[in-house]
Amino acid sequence: MVMKMQKQNTTSTEGVEIVESRPFEDDVFGKGHYSSKIYRLQSKAPGWLTTFAPAEALIMQEEAWNAYPRCKTVIKCPYFTKFQLTVETVHRADKGDSDNVHGLSKAQLATRDVEIVDIASSARDYWSYIVGTNNTDLSQFTSAKTGRGPLLEGWQDKSDPVMTAYKLVTIDAPYWGFGNKLEQALLLGERALFLESHRNCFSWIDEWFGMTVERIHESERHRNSEYKSMLTYFQINDTSSVLNDCYSMLQTQELGRPILVKSLEDFDQRLLPESEEIYSGQRAQLSA
2 MVMKMQKQNT TSTEGVEIVE SRPFEDDVFG KGHYSSKIYR LQSKAPGWLT
52 TFAPAEALIM QEEAWNAYPR CKTVIKCPYF TKFQLTVETV HRADKGDSDN
102 VHGLSKAQLA TRDVEIVDIA SSARDYWSYI VGTNNTDLSQ FTSAKTGRGP
152 LLEGWQDKSD PVMTAYKLVT IDAPYWGFGN KLEQALLLGE RALFLESHRN
202 CFSWIDEWFG MTVERIHESE RHRNSEYKSM LTYFQINDTS SVLNDCYSML
252 QTQELGRPIL VKSLEDFDQR LLPESEEIYS GQRAQLSA
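To convert, count from 1 in the sequence shown and add 1; that's my numbering.
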């Protein structure tokens, strides 16, 4: 599912490149899969950001640790060196009624914002346009392989199985004058991405249901080769230096202890990520 979305957003100058993909093992979290990627998203920069920063500011570096049912993704930008976006995910086979699955402190809970994202809903805002929109009407959709669906009103209480992806989103953008605006824009962007990706996960279920992890990684390697052939590596002003900085970060950065992860393709086949809760807050309120 993730690979298909990445391919749909690949052009001659933009897309997603997988730099590294390998198993990892941690004493605390056990075995999982680590990946590092470079996202070239220049055309998706908000207009107000491009007034003082080049489009190359949307070249991002992502690291992800997958150890289902927990996940951690860290996104950095070589252009804005102090910026960091962290998404920590816990998957549970419930209807979204678990509280504080991330073990936040009382101070963090007091400032936490909670939002429920229902995949049966749709959005028509700026970020849904940028991320892309799945036009499948899930109230009319039924999976041929699993028989799951349609998602009618109140489906969370009527469907079985149901999975909730609890996502803790932390954004650190300590830049005077535009940091807060950037944080708020990215929170809206993450919400749109969560909604779209999980709508796709359900509507594309017949394409991925039953796939083994080995087959997923094989497909990942094949599609990464396709991405590299589709992308035109170009040099415009400081673009090459930004890319070099990104590769340098990936090669020299000392990795912290992984807090976990698993991409959507690796979900337990008996469960579906059909509703999602987002915890969001300012950097001082929800530090990783």
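Glycine residues also receive a C-beta, built at the ideal position from the N, C-alpha and C atoms.
Query: In this structure, what does DSSP give as the bridge partners for Ala65?; Result: Ser36, Thr74
Query: Leu153: buried (16+ other C-beta within 10 angstroms of its C-beta) or exposed?; Result: exposed
Query: Could you tell me which of Ile206, Pro24, Asp28, Val132 sits nearest to Thr143, measuring between CA atoms?; Result: Ile206
Query: Would you please state the rounded distance, in angstroms, between the beta carbons of Glu57 and Ile39? I believe it to be under 8 Å.; Result: Going by Cβ atoms, the distance from Glu57 to Ile39 rounds to 12 Å, so no, they are not a contact pair.
Query: Pop quiz: Pro47 and Ala186 are said to be a contact at Cβ under 8 Å. What is the actual Cβ separation, rounded to whole angstroms?; Result: 6 Å
Query: Going by DSSP, which residues form a beta bridge with Val17?; Result: Tyr40
Query: Please classify Glu215 as buried or exposed, where buried requires at least 16 other C-beta atoms within 10 Å of its C-beta.; Result: exposed
Query: Could you spell out where the alpha helix (DSSP H) holding Ile117 opens and where it closes?; Result: Here Ile117 belongs to no alpha helix (DSSP H); instead the beta strand (DSSP E) covers 114–119.
Query: Would Leu139 pass as a contact of Ile120 if the rule is Cβ separation under 8 Å?; Result: yes
Query: According to DSSP, is Ala108 part of a helix, a strand, or is it coil?; Result: helix
Query: Where DSSP assigns a beta bridge to Phe25, which residues make up the other side?; Result: Gly33
Query: Return the first residue and the last residue of the beta strand (DSSP E) that Glu89 is part of.; Result: 85–93
Query: Quick one, which of Asp173, Gly211, Arg192 has its alpha-carbon nearest Glu184's?; Result: Asp173
Query: Do Ala166 and His92 have their CB atoms nearer than 8 Å?; Result: yes
Query: Rank Thr213, Ser37, Asp161, Gly104 by C-alpha distance to the C-alpha of Gly148 and give the top, closest one.; Result: Asp161
Query: What is the residue span of the beta strand (DSSP E) that Asp173 lies within?; Result: 164–173
Query: What are the boundary residues of the alpha helix (DSSP H) that Ser192 is part of?; Result: The sequence given here places Arg at residue 192; Ser does not occur at that position. Arg192 -> alpha helix (DSSP H) spans 180–204.
Query: With DSSP as the reference, identify every bridge partner of Ile60, one or two as the case may be.; Result: Arg41
Query: Which residues bound the alpha helix (DSSP H) around Gly48?; Result: 48–51
Query: Taking a contact to mean a Cβ-Cβ separation below 8 Å, would you say Lys96 touches Asp158 in this structure?; Result: yes
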